[in-house]
Each structure stands twice: as structure tokens, then as C-alpha cells.
């Protein structure tokens with residue numbers, strides 16, 4: 033029981049992050065649909081963001097905005113650094129998604145499908161080595 | 011008071027960024043300006059990088075505190091010998107490629123010049139940023155800038171490149187996420203992000219499982235980015251179907267910069283002592299040996315020149331990683347420590363840059379992709395083909411070319427480290443290189459054009475006495491001649507003091 | 007397709023194994039003393055003879071020698087931590103124009119006969135001094151735009167790159 | 002989606018017409034308020050761009066393009082980055098090379114060092130907001146435009 037509390041319960045943030053990350057990973061690798069792959073990638077990235085944010089959490093901590101009253105009442109602040117990092121990382125994730133979506137749109141125009149296996153099949157018909 | 015040179019590392023990055031924005035705005039008014047702005051910027055960046063290298067060699071490392079905050083509290087730029095050396099290589103190849111691209115982009119992406127050069131300049135920004143930074147999260151941000159612009163540039167030719175780019179995007183994002191996760195793990199146990207600071211805080215925590223896992227994630231993430239053997243699957247298509255100068259940049263610089271990031275993480279964040287306590291670098295050596303053999307064998311089976319070169323890149327990453335893996339056991343002067351891997355980073359940039367630019371020239375002139383279509387090319391494009399032959403001989407390892415020097419030193423390093431297995435691997439790879447490059451050279455020079463009634467006739471005639479424009483030929487020849495000149499310089503041990511300084515930064519090498 | 011699923015499953019199991027291996031040493035959720043928010047331990051010094059020196063605000067020689075040997079900056083002075091018995095703050099000198107030349111850096115704790123030396127996480131300075139140094143009350147904002155402003159420049163560049171990339175890939179009949 | 006093809010929905014259009022100004026006003030508030038409370042450049046920029054996105058969803062793409070033309074988009078997306086990178090350079094220029102890049106304190110907005118930092122941060126946040134707004138809108142326009150063209154191609 034003690035083991036359970038120390039390893040699972042006290043670190044539940046960590047286990048949630050792993051489960052989410054694995055769902056995303058499965059989506060990336062196993063899904064055939066390119067949009068679903070992108071969604072998987074987003075879940076994957078979000079899992080890591082959640083892990084970072086949970087690093088910043090402090091028991092009983094308030095939002096990291098300096099305020100006289102909060103100091104007087106003796107509250108503690110949450111760690112602002114992961115938030116700073118993750119704001120940057122979220123933008124990166126948005127940018128990656130945008131580029132990925134535009135690639136999928138272009139592929140849909142070229143091949144008329146967004147299923148990866150069908151695209152590979154069409155490429156195989158056209159000759160993988162021959163391009164234009 | 012900071013001297014001007016101390017401002018240069020940040021200015022190299024910021025000028026590139028500002029030029030990207032300026033290209034974007036002036037391109038709206040006049041498309042023609044894009045190339046000129048890009049070239050001027052790269053030229054000034056290249057000159058500043060030489061100043062930085064000179065300063066680092068004579069005065070010592072530059073430490074630049076962005077925003078005025080002292081390192082653990084703010085972001086820091088550190089320029090030591092390793093950074094400065096890589097920065098010079100990267101900006102040199104960037105400059106050569108942008109000069110080459112003037113005619114090629116007009117031909118390949120006629121209406122997209124402005125956005126192409128903007129993204130290209132952003133790519134250079136990202137690469138410079140990775141190189142100069144001394145903060146690990148900052149490195150992640152710049153890795154993402156590099157990767158995003160690389161995805162877009164690869165896909166810009168459309169068709170099959172889109173699929174290649176998408177694969178690269180998915181794998182590259184996973185790699186970057188692993189890198190981010192590694193940062194998260196390190197942050198959770200040390201509370202720091204600065205590379206130098208981490209290297210001080212980590213030694214008491216080397217047994218910590220979180221630190222070990224962080225190291226694994228760094229290795230796996232960056233291996234994806236640098237296309238180490240089992241994770242190389244994105245590379246051949248991405249390199250083969252990008253525009254020529256982007257192929258040259260991808261193969262010559264981008265994967266090497268990932269290797270640089272790897273070296274930074276392995277030797278600056280963690281230390282040689284940590285690496286010696288783990289069998290990681292032995293495993294890397296074996297993976298690299300597999301990469302060399304399998305990359306070369308797959309290159310032989312290709313019929314498309316650029317795909318062949320791309321597989322050859324996989325093999326060449328194998329050389330760099332093999333040299334890296336030997337770096338903690340080999341210690342003697344010219345080949346000890348990081349020397350061979352550093353050498354091969356430069357050498358590969360020169361050789362593969364040249365080869366990809368030549369391959370692009372064939373596509374530019376006559377839309378030739380397949381090796382079997384190259385018949386009689388040696389007579390039609392004599393100068394281009396001669397450059398190709400020089401670079402190819404260099405890849406095979408004919409003295410005194412650069413390829414010979416790298417292979418020689420890697421062999422000597424593996425003999426010193428008593429890992430004799432890698433000697434036959436390298437010799438075999440030379441033989442395999444010979445096979446696949448000889449095939450191309452033979453087709454170019456030896457094979458006669460068959461009867462005039464063949465289907466190829468029309469464009470064979472079109473090829474008659476046609477040489478590519480000087481703006482494309484000059485960069486190719488600069489790289490090809492450097493393949494020989496640098497080889498002689500390496501053999502004369504002239505740039506070796508620079509590499510020794512890199513080794514002494516990390517406590518490698520040692521015996522002189 | 008089935009082969010791919012199988013490979014995914016194996017990879018997932020491998021990764022989960024790795025994560026389970028790591029779980030032992032991951033800091034507990036919400037721990038206010040975690041290295042990321044409070045301080046990271048550097049080393050423990052045997053012998054409590056330093057305590058009296060520390061109480062007289064003198065840095066013990068062996069302690070600062072050990073710190074320098076490990077590559078850390080030499081502490082300039084020590085001071086008793088407010089309201090805590092057996093705990094001292096070590097200060098270092100730093101060169102930042104217009105700001106206090108000394109900064110709280112080390113945390114020295116007495117543990118029985120030993121002295122435990124740790125280093126404050128750098129967030130501590132952000133949280134304690136951010137308002138007076140930047141005149142902005144929101145920690146995330148001054149962290150984002152000032153202390154780590156360069157990351158944010160990178161972030162803006164990333165989104166700009168994405169925008170231009172989408173233009174490069176999708177926009178037809180444009181002047182760009 | 003040509004003008005007469007799409008079915009117009011009065012409720013959506015009216016709500017959008019009423020909401021968009023408030024959304025964009027709120028976005029400005031978020032950007033400006035970033036110093037003292039939750040908010041900041043990126044968040045505000047995204048909220049501002051969401052106003053345009055709502056317009057396109059409720060009305061049509063051509064109208065959205067008319068309200069936010071390509072030229073304005075190009076200029077604004079660069080201007081934000083110019084502000085950010087330029088403010089960093091100003092620090093070097095105003096201190097004649099003594100201060101580092103992005104050291105806002107040395108830009109003489111006011112006579113107080115710390116106030117300068119706060120003001121520098123405000124300008125930087127505005128720069129981020131402008132770039133993010135223009136780029137998110139631009140990405141959305143581009144992604145949506147293709148869709149419409151394809152639909153036209155299929156129809157005709």
C-alpha cells in the first residue's frame with residue numbers, strides 16, 4: 033500500500049502524462065489517415081506540455097502574479113518557469129500543425145486522398161524513383 | 011564595455027532574422043531583391059563568423075549574456091572553438107548554396123522566389139541559433155525553427171517531396187519532443203537550463219534514473235534528427251526530392267548540426283566521465299558501422315542519382331558517429347578525441363554539397379534524374395562532370411582528397427582504441443563507394459550514346475555542348491577545389507591546432 | 007498494417023518500461039521542496055565545525071574550496087536565513103549593471119553533524135526579485151519577455167516561419 | 002462557396018456581427034493587460050485572429066479577405082518581428098555597445114531603469130501580438146482558400 037501511494041498516487045501527474053503520450057504515439061504510428069496522424073502528434077506534444085506544467089505545480093500554490101496580499105497571507109506561488117517554457121513550446125506545436133496541415137492539403141490536391149497507404153500505392157504506380 | 015566582436019554571435023542570428031523579414035517585405039514590392047538581400051546577409055554573416063573564430067582562437071571563448079542577466083537566471087551565448095568552427099562551415103555552405111540558387115530557383119520555383127528566400131534565411135537563422143546558444147531550451151527552440159523551415163523547403167517542389175516532407179515532419183517532431191522531454195527530465199531534478207550550469211550540477215546525480223532517462227531521450231531524439239542508422243528512414247526521400255541547394259544544405263549541414271547538438275549535449279551537458287561509465291558510445295560505434303555498410307549497400311541499389319547520394323549521406327553520418335564513438339578512447343594527437351568527427355563534418359559538407367549541387371545542375375539543364383540517362387554527359391557538360399569526378403573520388407578516398415584524410419584518421423583512431431573490427435568496415439565501405447560512384451562516372455564518360463533513333467535522342471541533342479551558367483558552375487567548382495585543398499591542408503596538419511582546442515575544451519585528446 | 011501495429015505495441019511497452027524505471031526518482035507532484043522550485047543538492051560536508059564560523063558570517067575555507075573545485079563561483083558571504091535555525095544563505099558576486107552586486111545562491115543547512123550545501127533553483131530569484139527588477143507583477147510575463155526574452159524571440163520566429171511556410175506551400179498567384 | 006450558394010444564417014451572422022468587435026477588444030485588453038495579470042502577446046494575438054476566423058465562418062472568405070487584405074497581412078506579420086528584434090537592437094545602440102541585446106533597461110523611454118524594462122516588455126508583447134495575429138489569420142486564410150478553390154473546381 034505504501035508502495036502504491038509513493039509510486040502511483042503521489043506521482044499521478046506522471047502516469048497521466050505517460051498514458052496520454054502513449055495514446056498519441058499509437059496515433060502517430062498506427063493510424064493510416066494523415067490528419068489522424070497529426071492529431072496523434074498533437075496529443076503526443078500536449079502530453080509533454082502537461083508534464084512540464086505539472087512540474088511547476090506547488091501544493092497550495094497560487095497563480096504566479098506578485099501581489100502584496102498573497103505574500104501577507106503566506107501563500108506560495110506556482111513555479112513560473114515551466115509556464116514560460118511551455119508557452120514557447122505550444123507555439124512550436126501550433127506552427128508544426130500548421131505546416132503539417134498545409135502539407136496534407138497539398139497531398140490531397142496531388143493524389144486525391146489523405147490515406148497514407150493509398151498515397152504510397154499511387155507513388156508505387158507512378159514509380160517511386162521517377163519524379164516529375 | 012563589450013567589444014564589437016563580443017556582440018557578433020548574437021548579431022549573426024539577429025541579422026539573419028531581420029534579413030528574412032526584410033526579404034518578405036521588399037519582396038512584396040519587388041521580387042528581384044530577395045536574392046540580393048539574402049546573398050549580402052550571408053556574406054556579412056560569413057565574414058563575422060570568421061571574426062568570431064579569430065577572436066575565439068586568439069582571446070578565448072566569448073560569453074554573451076542576453077538581456078544582461080547572468081547565466082543561471084537568463085540565457086547565455088557561449089562561443090568556444092567548437093561553435094565557431096561549426097558556424098564557419100555552416101555559413102560557408104549557406105553562402106555557396108545561395109549563390110548557386112539564383113538561376114536554379116528561377117527555374118525550379120519560378121513564382122515562389124520571395125517566400126523561398128525568406129524561409130531559407132530563417133533556416134540559416136535557426137542553424138546559427140543552434141550553433142551559438144549556451145542554453146538547452148533555447149537550442150530546442152532553434153532546432154524547431156530549423157526543422158520547420160526544412161520541412162517547408164523540402165516540400166516546396168511538390169509531388170513526391172510532399173510525402174517525404176510529411177514523413178520527415180512526423181519523425182522530426184517526435185525527435186524534437188523527445189529532446190524536450192529530456193530537457194524536462196533534467197529540469198525536474200536540477201532546476202536549471204543553462205548548459206554550463208547543468209554540467210556543474212549533474213555530477214552528483216549521475217546515478218539518478220531521471221538523468222539516465224534524459225540522456226536516452228536526448229540520444230534518441232537527436233539520432234532521429236541526424237538520421238543515425240535505424241532511424242534514417244525519413245532521409246533518402248527528403249534529400250532526394252528537395253531542390254538541389256536544399257539537398258546540399260540538408261545533407262551537408264542540417265544533419266551535421268544535429269550531430270553538433272548531440273556533441274554539445276554529450277560532452278557539455280554530460281561529461282566525458284559520464285560517457286565513459288556507460289557503454290553508450292560502444293553501441294553508437296556498432297550502429298555507425300551498420301549505417302556505413304547498409305547505407306553503402308542501399309546506395310548501390312539506387313538508380314536515381316540523388317537518392318543514391320542520400321543513402322551515401324546515411325553512410326557518411328555513420329563515419330561521423332563512428333568517429334564520435336571512438337572519441338573517448340582514442341587520444342593521440344592528430345586523430346585523438348573529436349578530431350576525426352570534426353574533420354568529417356567539414357569534409358562531408360564540402361563533398362556532399364558539391365555532389366548534390368552537380369546533381370541539381372543535371373536536373374536544371376536536362377531534367378536528368380536517372381543514372382542510366384547520363385550517357386555521354388561527360389562530353390556535353392565537361393566542367394560540371396569534372397567537378398563531380400573530383401568530389402566522387404574524394405568520397406571514395408583517393409589521396410590527397412578530404413575523404414581520404416577522414417577515413418585515414420578514423421582508421422588510425424580505431425586502431426589506437428583497439429577496436430580493430432572497424433578497420434575492415436571502413437575499407438569495405440571505400441570499396442562500396444568505389445562501386446556506386448564508378449557506375450556513375452562510367453556512364454558519364456565511357457558509355458557511348460546509342461543509335462540516334464532511341465527515345466532519348468531529343469534531349470540528348472538538346473544537351474549538345476551545353477554547360478550550366480557560371481553562377482551555378484562557380485559554387486560547384488569552389489567546393490570541388492576545396493575538396494582537394496582542404497585535404498592537403500589536413501595532411502599538413504595546418505588546421506589541427508583549432509581541433510586541439512576543441513578537444514581541450516572537453517578534456518579529450520590529451521597527448522599531443 | 008498488422009506488422010506496424012505490432013511494432014507500435016512493442017515500442018509502447020518499451021517506452022512504458024523506461025518510464026516505469028524512471029518513476030522512482032521523479033519528484034513528487036506539487037512538492038514545494040522539489041529541485042525545480044527550491045534548490046538542488048550539491049554535496050554534504052562532514053564535520054560541524056563550520057557552524058560557528060557560519061554563525062559569525064564567515065565562509066568556512068573547506069566549504070568554499072570544495073565549491074570552487076566543483077566549478078561553482080566562490081561565495082562572497084553568508085547570512086542566516088530568516089526565521090530558520092541551522093540554515094544559511096550563501097551569496098555570490100555577479101556583474102549586472104544597475105542591480106545589486108550580490109545574489110542569493112547557496113543554501114547551507116545543518117543536518118546533525120553535517121552541513122548540506124545546495125544551490126537555489128534560479129526561479130527563486132525570479133519569484134523574489136522580479137517585481138523590483140522589472141516593475142512588472144506577472145511572473146510569467148517578465149520571465150517570458152525579459153529573463154528569457156530570447157526564447158520568445160525564437161518563438162515569434164517559429165510562428166513567422168510557419169506562416170511563410172504555409173505561403174510557400176499553398177498560396178498561388180501571389181506576389182510572394 | 003459563392004455568395005448565392007451558401008445558405009445564410011441570420012442568427013449566426015447577427016451574433017458574429019455583434020461579437021467580433023468585443024472579441025477583438027478583449028484581445029487588445031489581453032495584450033495590454035499581460036503585465037499585470039493573466040495574458041500576453043501570444044494569447045491576445047490568437048484571440049484577435051479568432052475574430053477574423055469567426056468572420057470567415059459566419060460570412061465568407063472573400064469578405065474576410067477584403068477586410069484583412071494580403072498586403073496588410075504581409076506588412077503586419079513582419080512589423081511585429083521588426084518591433085521585437087529592433088527593440089533588442091536599440092538596447093545595444095542606445096548604450097553604445099555597453100549593454101547586451103534585449104537589455105531593455107538601457108532604452109531611455111523614461112528615466113527609471115526598471116520602468117524602461119516594463120515598457121520594453123510592453124512593446125515586445127505588442128510586437129508578438131501583431132505578428133501572431135497576422136500569421137494566424139494568414140495561415141487560416143491560406144488553408145481555407147484552397148478548400149474553396151477545390152470546391153469550385155469540383156462544381157465547375
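Protein chains in written order, with our numbering: chain A, 33 to 164; chain B, 11 to 522; chain C, 7 to 182; chain D, 2 to 157.
Backbone N, C-alpha and C define an ideal beta-carbon position, used for all residues, glycine too.
When the options are compared against residue i, the one with the closest alpha-carbon
i, options, result
"residue 41/D", "66/D, 32/D, 47/D", "32/D"
"residue 115/B", "370/B, 417/B, 217/B", "370/B"
"residue 1/D", "177/C, 42/C, 149/C, 129/C", "Residue 1/D falls outside the range modelled here, since chain D spans only 2 to 157, and no answer is possible."
"residue 108/C", "133/C, 80/C, 90/C", "80/C"
"residue 151/A", "65/A, 101/A, 46/A, 71/A", "65/A"
"residue 435/B", "329/B, 447/B, 187/B", "329/B"
"residue 442/B", "305/B, 196/B, 80/B, 184/B", "305/B"
"residue 238/B", "294/B, 286/B, 513/B", "294/B"
"residue 312/B", "509/B, 447/B, 53/B", "447/B"
"residue 308/B", "451/B, 509/B, 103/B, 439/B", "439/B"
"residue 197/B", "22/C, 45/C, 9/C", "45/C"
"residue 379/B", "422/B, 394/B, 316/B", "316/B"
"residue 104/C", "133/D, 88/D, 105/D", "105/D"
"residue 88/D", "78/D, 30/D, 103/D, 26/D", "103/D"
"residue 86/D", "155/C, 95/C, 22/C, 146/C", "155/C"
"residue 131/C", "153/C, 27/C, 78/C, 171/C", "153/C"
"residue 63/B", "118/B, 90/B, 74/B", "90/B"
"residue 28/B", "42/B, 413/B, 55/B", "55/B"
"residue 492/B", "13/B, 103/B, 18/B", "103/B"
"residue 85/C", "72/C, 162/C, 61/C", "61/C"
"residue 352/B", "365/B, 360/B, 334/B", "334/B"
Proximity below 8 Å, CB of residue i to CB of residue j
i, j, result
"residue 116/A", "residue 90/A", "no"
"residue 298/B", "residue 164/B", "no"
"residue 275/B", "residue 139/B", "no"
"residue 362/B", "residue 258/B", "yes"
"residue 81/A", "residue 51/A", "no"
"residue 227/B", "residue 176/B", "no"
"residue 38/C", "residue 97/A", "no"
"residue 101/B", "residue 59/B", "yes"
"residue 324/B", "residue 146/B", "no"
"residue 427/B", "residue 300/B", "no"
"residue 123/B", "residue 224/B", "no"
"residue 3/B", "residue 348/B", "Absent from the structure is residue 3/B, since the part of chain B shown begins at 11 and ends at 522."
"residue 29/C", "residue 46/A", "yes"
"residue 190/B", "residue 141/B", "no"
"residue 356/B", "residue 485/B", "no"
"residue 135/A", "residue 179/B", "yes"
Beta-bridge pairing of residue i - partner residues as DSSP gives them
i, result
"residue 114/C", "94/C, 123/C"
"residue 14/C", "Residue 14/C pairs with nothing; no bridge assigned."
"residue 88/B", "73/B"
"residue 93/A", "108/A"
"residue 314/B", "380/B"
"residue 145/B", "204/B"
"residue 74/A", "According to DSSP, residue 74/A bridges with nothing at all."
"residue 65/A", "147/A"
Presumed contact (8 Å Cβ cut-off) between residue i and residue j, rounded CB distance
i, j, result
"residue 322/B", "residue 405/B", "7 Å"
"residue 182/B", "residue 267/B", "Not quite, the Cβ-Cβ distance comes to about 13 Å (not below 8 Å), so this is no contact."
"residue 250/B", "residue 314/B", "6 Å"
"residue 82/B", "residue 128/C", "4 Å"
"residue 483/B", "residue 374/B", "That belief does not hold up - the Cβ atoms of residue 483/B and residue 374/B are roughly 11 Å apart, past 8 Å."
Which ranges would you report for the alpha helix (DSSP H) in the region 334-364 of chain B if only whole runs of at least 4 residues count? Listed in chain order, there is nothing to give.
Counting only runs that start and end within the region 44-103 of chain C, where is the beta strand (DSSP E) found for 3 or more residues in a row? If we require 3 residues or more, the beta strand (DSSP E) runs fully inside the region 44-103 of chain C come out as 45-51, 81-86, 93-99.
What alpha helix (DSSP H) runs, 4 residues minimum, are completely inside the region 137-168 of chain C? Restricted to the region 137-168 of chain C, the alpha helix (DSSP H) segments that are unbroken, complete and at least 4 residues in length are 145-148, listed in chain order.
At what residue ranges does the region 241-266 of chain B contain a whole run of the beta strand (DSSP E), taking only runs of 3 or more? Listed in chain order, the beta strand (DSSP E) runs fully inside the region 241-266 of chain B amount to none, counting runs of at least 3 residues.
Only counting runs of 4 or more residues, tell me where the alpha helix (DSSP H) segments fall wholly within the region 33-116 of chain D, in order along the chain. Counting whole runs of 4 or more residues, the region 33-116 of chain D contains the alpha helix (DSSP H) stretches 42-59, 62-68, 71-95.
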